[in-house]
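Accompanying notes for the structure given below.
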Amino acid sequence: MTQVHGNPAPNAAGPGDRTGLGRLIGAGLILVGLVLLALGAYLGPYTYATATPGKLTVDTCTVDYKYRSSTSSSSRKKTKTRWCYGTFTSADGSVKDLNAELKSDALHQRGYVIEAIKTGDTSYQLDHGWVGAIAVGCAWFFGALIALAIGTFGAVTGFVGGGASAQGLFRTCLVLVGVGVVGLVVSLLVVFFV
Numbered sequence: 005m006t007q008v009h010g011n012p013a014p015n016a017a018g019p020g021d022r023t024g025l026g027r028l029i030g031a032g033l034i035l036v037g038l039v040l041l042a043l044g045a046y047l048g049p050y051t052y053a054t055a056t057p058g059k060l061t062v063d064t065c066t067v068d069y070k071y072r073s074s075t076s077s078s079s080r081k082k083t084k085t086r087w088c089y090g091t092f093t094s095a096d097g098s099v100k101d102l103n104a105e106l107k108s109d110a111l112h113q114r115g116y117v118i119e120a121i122k123t124g125d126t127s128y129q130l131d132h133g134w135v136g137a138i139a140v141g142c143a144w145f146f147g148a149l150i151a152l153a154i155g156t157f158g159a160v161t162g163f164v165g166g167g168a169s170a171q172g173l174f175r176t177c178l179v180l181v182g183v184g185v186v187g188l189v190v191s192l193l194v195v196f197f198v
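With the first letter of the sequence shown counted as 1, position 138 gets the number 142 in the working numbering; the numbers rise by one all the way through.
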């Protein structure tokens, strides 16, 4: 079979194939962004609004050590988790659990009272208030904004540069990614310090 110079080989991917793949990746990123939005709403404000507020009176606190092997070297990394066990009593007095446990930020003495929320049948969390719940939701939202901005650019352009409209969309998406990164960092700082 003779080939004429300038014609693509039969198995070579044309620019349309790359654009289609870019659009598919963009659509996937939009889907990821929507899932992140839903997770943020669920794990932040919804979980806090449906939780039962109360107090956990500490009986004992322990530290759980776990060792992980590092793949880059032969060293082992140690992580520690603080757990407090005791009696949870809801703020309205309707719920009392004598065997409550929660991940704590510190080791506390017997009798110490921790503000906590009951988020499930046997799951408890520290109560960081609405500020903490909204900050968690915002962290997920800004992470979703990054995925949505990149996904929108990919779905529209296929990640292939084009005319002035593609450049305008690129600048807009770049601004949205910047807002997402800054918002994510600020939200994580609020979650960490609340």
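We put the CB at the ideal spot given by N, CA and C, even for glycine.
Bear in mind the structure is a predicted one, so any value in this text is a computation, not a measurement.
Less than 8 Å between the beta carbons of Ser-191 and Phe-146, yes or no? As a position in the sequence shown, residue 191 is number 187, starting the count at 1. As a position in the sequence shown, residue 146 is number 142, starting the count at 1. Closer than 8 Å, so yes.
Residues bridged to Asp-101 by DSSP? Within the sequence shown, numbered from 1, the residue matching residue 101 stands at position 97. Partner(s): Phe-92.
Could you tell me the alpha carbon to alpha carbon distance between Trp-144 and Gly-162, rounded to whole angstroms? Position 140 of the sequence shown, counted from the first residue, corresponds to residue 144. Position 158 of the sequence shown, counted from the first residue, corresponds to residue 162. Looking at the two C-alpha atoms, the distance is approximately 26 Å.
Could you give the C-beta distance for Lys-81 and Arg-72, rounded to a whole number, given that I count them as a contact under 8 Å? Mapped onto the sequence shown, residue 81 falls at position 77. Mapped onto the sequence shown, residue 72 falls at position 68. A Cβ-Cβ distance of about 5 Å is found for the pair Lys-81 and Arg-72, placing them in contact under the 8 Å criterion.
Residue span of the beta strand (DSSP E) that contains Val-117, given as start and end: Along the sequence shown, read from residue 1 onward, the residue named residue 117 stands at position 113. Segment 117-122, the beta strand (DSSP E) holding Val-117.
Quick one: is Glu-119 buried, meaning 16 or more other Cβ sit within 10 Å of its Cβ, or exposed? In the sequence shown, the residue the question calls residue 119 occupies position 115. Counting other Cβ atoms within 10 Å of its Cβ, Glu-119 stays below 16 and is therefore classed as exposed.
So, Gly-48 versus Ala-137, is the Cβ gap smaller than 8 Å? Numbered from 1 along the sequence shown, position 44 holds the residue referred to as residue 48. Numbered from 1 along the sequence shown, position 133 holds the residue referred to as residue 137. Between Gly-48 and Ala-137, the C-beta gap is smaller than 8 Å, which places the two residues in contact.
Compare the beta carbon distance of Val-189 and Val-140 with 8 Å and say whether it is the shorter of the two. Within the sequence shown, residue 189 is the residue found at index 185, counting from 1. Within the sequence shown, residue 140 is the residue found at index 136, counting from 1. Contact: no.
Check Leu-106 in the structure and name its three-state DSSP category. Within the sequence shown, numbered from 1, the residue matching residue 106 stands at position 102. The three-state secondary structure of Leu-106, taken from DSSP, is strand.
Just curious, the alpha helix (DSSP H) that Leu-188 is in, first and last residue? What you label residue 188 is simply residue 184 of the sequence shown in a count that begins at 1. DSSP places Leu-188 inside the alpha helix (DSSP H), whose first and last residues are 168-197.
Answer yes if the segment 103-110 comes into contact with the segment 121-137, meaning at least three C-beta pairs across the two stretches below 8 Å, and no otherwise. Counting C-beta pairs closer than 8 Å gives three or more between the segment 121-137 and the segment 103-110, which meets the contact rule.
In whole angstroms, give me the CA-to-CA distance for Gly-32 and Leu-178. Along the sequence shown, one-based indexing puts residue 32 at 28. Along the sequence shown, one-based indexing puts residue 178 at 174. Computed Cα separation, rounded: 18 Å.
So for Leu-130, helix, strand or coil by DSSP? Translated into positions along the sequence shown, residue 130 becomes position 126. Leu-130 falls in the strand class under three-state DSSP.
Sequence-distant residues of its chain with Cβ nearer than 7 Å to Leu-1 (five each side left out): No statement about residue 1 is possible, as the shown extent of the chain runs from 5 to 198 and does not include it.
From the DSSP output, read off the bridge partner residues of Glu-69. Sequence index remark: in the sequence shown, residue 69 carries index 65 (1-based). Looking at the sequence provided, one finds Tyr at residue 69 rather than Glu. BP columns for Tyr-69 point to Lys-84.
Report the three-state DSSP secondary structure of Gly-58 (helix, strand or coil). The residue you call residue 58 lines up with position 54 of the sequence shown. Gly-58 falls in the strand class under three-state DSSP.
On the three-state DSSP scale, how would you describe Asp-125? On the sequence shown, position 121 is the one that residue 125 refers to. Under the three-state reduction of DSSP output, Asp-125 falls in the coil class, being neither helix nor strand.
Determine the burial state of Leu-60: buried for a count of at least 16 other Cβ atoms within 10 Å of its Cβ, exposed for fewer. Residue 60 sits at position 56 when you count from the first residue of the sequence shown. Answer is buried; the Cβ neighbour count reaches 16.
By a C-beta neighbour count over all protein chains shown, 10 Å radius and 16 as the cutoff for buried, is Ala-53 buried or exposed? Residue mapping note: residue 53 aligns to position 49 of the sequence shown, counting from 1. Ala-53 is exposed by the Cβ-count criterion.
Classification of Val-186 by the beta-carbon crowding that lies within 10 angstroms, buried from 16 upward: Counting from one through the sequence shown, the residue named residue 186 turns up at place 182. With fewer than 16 Cβ atoms within 10 Å of its Cβ, Val-186 is classed as exposed.
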